[in-house]
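Take 27 as the starting number for the sequence shown in this note's numbering and just add one per residue.
Report on the structure given below.
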Amino acid sequence: MNIWKKIQALIETGCALYVLTVIESTGSAPGRKGFKMLVANNSQLFGSIGGGVMEYKMVEKAKALLNDGIIEQQSIVQIHQGGSQASSGMICSGSQVIGFNYLCCDDLPMINRILNSSQSIEFSNNGICLKAVSNDSIYFKSPKEWSYTENSVKKPRAHIFGAGHVSMPTSQLLTQVGFAVFLYDNRKDINTFDNNDFVCEKRVIDYKKVSEEVVIDSTDYVLLMTHKFTEDKLLLSQLLGKNQHYLGVLGSENKIRVMFEALKESGFSQEDLTQIHAPIGLKISSQTTTEIAVSVVAEMIKIKNS
């Protein structure tokens, strides 16, 4: 689930919570800048700021604040090596600054605006708000004077065509590693479409009119995970030659071979087909839908970071 949708859902049920955000990260710190975690007063946890004893300590800190009814917008420095007063208890080296922001029912209008806005979000000692700026920024003077602004529009975008059983864990993992995910299917009333709350947007579209229905640019990632060979071929016939950054197709070696032959017969060249990552994902002998999702997302991360 998108973290802001989770915040909205919790607050609508009457919960108060702390949003923990990694506002700065150096060295081998386990949670990178922008990682977030929710700690609610009904004991629910969501997300991660890196795990380990550091995360445990920060969660316990947030729980104590909630239990005591303390409202604070603060940050905590964690040094991941021994001998420091701010030591986290970890020895991986590096450091993190964790921002603590309190939210309750009074903040619901602002949360709704965040969910419906493309503006940047600022986390600071004054709380959370929308900012009309285009660049990420970090300011840290002290634990009580700090700010971190992130531009969600800059997230790499992943377009998933096909709302089947693999697209659900793939959407979740992509969201967790920092992609903005968009989901499309040409079928109505699909359980795995309706229940996929990890995406920024989901729509039922006509696969014959991709260019009219979906805007894809040169930095975007496109994943074809439809339930039919013919639909993958239909989508590929419209996407080949476009300028997306990544184009991958889910399927067996045999399915891909047959589909490539059909595309060649339709007039596409071998050079055209080299644009396609297929079968999609790193070869890790995946068996389950979640393992397949891991292999797909790992391949995308490898390409993104290369």
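The C-beta atom is built at its ideal place from N, Cα and C for all residues, glycine as well.
Relative to the C-alpha of Leu141, which residue among Ser150, Cys155, Glu171 and Val240 is closest? For Leu141, the closest C-alpha among the options Ser150, Cys155, Glu171 and Val240 is that of Cys155.
So if DSSP puts Asp211 in a beta bridge, which residue, or which two residues, is it bridged to? Bridge partners of Asp211 according to DSSP: Val230.
Less than 7 Å between the C-beta atoms of Ser51 and Lys59, yes or no? In contact: Ser51 and Lys59 (Cβ atoms closer than 7 Å).
Grouping DSSP H, G and I as helix and E and B as strand, with all else coil, what is Ile186? Correct three-state label for Ile186: strand.
Please check the pair Gln88 and Val65, which I expect to be a contact at CB under 8 Å, by giving their CB distance rounded to whole angstroms. Checking the displayed sequence, the identity of residue 88 turns out to be Ala instead of Gln. So it is a contact: roughly 4 Å between Cβ atoms.
Of all the options Ile97, Glu148 and Ile49, which has the alpha carbon lying nearest to the alpha carbon of Gln122? Looking from the CA of Gln122, the closest CA among Ile97, Glu148 and Ile49 belongs to Ile49.
Going along the chain, which residues of its own chain have a beta-carbon closer than 6 Å to the beta-carbon of Lys328, five neighbours each way excluded? Here the set comprises nothing.
Residues sharing a beta bridge with Gln70, DSSP: According to DSSP, residue pairing for Gln70 in a beta bridge does not occur.
Could you tell me whether the segment 263 to 274 touches the segment 311 to 321, using the rule of 3 or more Cβ pairs below 8 Å? Fewer than three beta-carbon pairs drawn from the segment 263 to 274 and the segment 311 to 321 are found closer than 8 Å, and the two stretches are therefore not classed as touching.
Which first and last residues belong to the alpha helix (DSSP H) in which Leu134 is found? Run containing Leu134: Leu134 to Leu141, per the alpha helix (DSSP H) assignment.
Along the chain, where does the beta strand (DSSP E) that runs through Asn127 open and close? Taken as a continuous stretch (DSSP letters only), the beta strand (DSSP E) holding Asn127 covers Ser121 to Leu129.
Own chain residues within Cβ distance below 8 Å of Asn138, not counting five before or after: Exclusion of the five residues before and after Asn138 leaves Gln34 as the residues of its chain whose Cβ lies within less than 8 Å of its Cβ.
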